[in-house]
Every structure is written in C-alpha cells, then in structure tokens.
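Numbering (this note's numbering), first residue to last: 6 to 138.
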C-alpha cells in the first residue's frame, strides 16, 4: 500500500467523496484476499479493488530533489511505524497504545495468575474481553 500511495491517491481523486470509505474498504478487503491467495498485487489489481479500470502511469521523479518531499516523509514514517508497531499477542494485529489498549493476564487470575509484570501483556480491548474468553 505504501508503494502504491500515489496511485491510490490519484484513483481516489476520481471518486465521489461519499463513496471513498466504501471504496477504501473494498480495496483493503481485496488486497488482503489477494495476499492470502498469493496473487500478484499490481496497479491494475489495486484499481480493480477500488472499482476502477484503465491505463495507469505511476509518477516518480527521474531525479529526486535534494530535500525530502512530504510523500517521502510520509512513506518513511509509515514504514517505520508499522515495522515497530506493537502487536496484539492474541490476534497478531497492530495495537495503537496511545488510543486503545487493554492489559491482559497471560495466566488468567481465575487459575492463579498474578499481577506481576511477567504475567502481563498489552492487547486490543476487544481481544482481551471477547476473543480470549
């Protein structure tokens, strides 16, 4: 997705703002399915999941300027953030600890687990209260 950011932005510029949320949802779902099926994810496939078709030209500098563009800064930030993001040990998804986190007993209290640091893990609240139980 990071590599296709420019393409996705260009494609979404052609979509009515009221449809963008649904289109991005379809894109995410479609790309996840493609990855699960080991299908090639290319520009045409990305457009297909957005409900679009046509010829695509991905724009890139022939010679990069000396300063970092906002696109370059965004791409580096996203890559580093995702690479270093906290993962929920229950579902494996990324956890944003600044927004929503739950502290889970690895060994549940009901079978003798205590409140020691070694018995704690950070999870999604949903995973801790629903998936695990």
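No residue lacks a Cβ here, since even glycine has one placed at the ideal position from N, Cα and C. Keep in mind the model is a prediction, meaning the values are calculated, not measured.
Distance check for residue j and residue i, CA to CA, integer angstroms please.
| i | j | result |
| --- | --- | --- |
| residue 119 | residue 71 | 55 Å |
| residue 39 | residue 46 | 7 Å |
| residue 103 | residue 44 | 34 Å |
Quick one: what does DSSP say residue i is sitting in, helix, strand or coil?
| i | result |
| --- | --- |
| residue 110 | strand |
| residue 136 | helix |
| residue 99 | strand |
| residue 125 | strand |
Counting C-beta neighbours from all protein chains within 10 Å, is the total for residue i 16 or more, i.e. buried, or is it exposed?
| i | result |
| --- | --- |
| residue 109 | buried |
| residue 60 | exposed |
| residue 16 | buried |
| residue 100 | buried |
| residue 55 | buried |
> Are there three or more Cβ pairs, one per stretch, closer than 8 Å when the segment 95–107 is compared with the segment 124–137?
Replying inline: Touching, yes, given that three or more Cβ pairs across the two stretches are closer than 8 Å.
> Which runs of the alpha helix (DSSP H) spanning at least 4 residues fall entirely within the segment 16–83, listed in chain order?
Replying inline: Runs of the alpha helix (DSSP H) inside the segment 16–83: 25–41, 48–54.
>> Counting beta carbon pairs with one atom in the segment 46–57 and one in the segment 13–32, are three or more of them shorter than 8 Å?
In response: Here the segment 13–32 lies against the segment 46–57, with 3 or more beta-carbon pairs under 8 Å apart.
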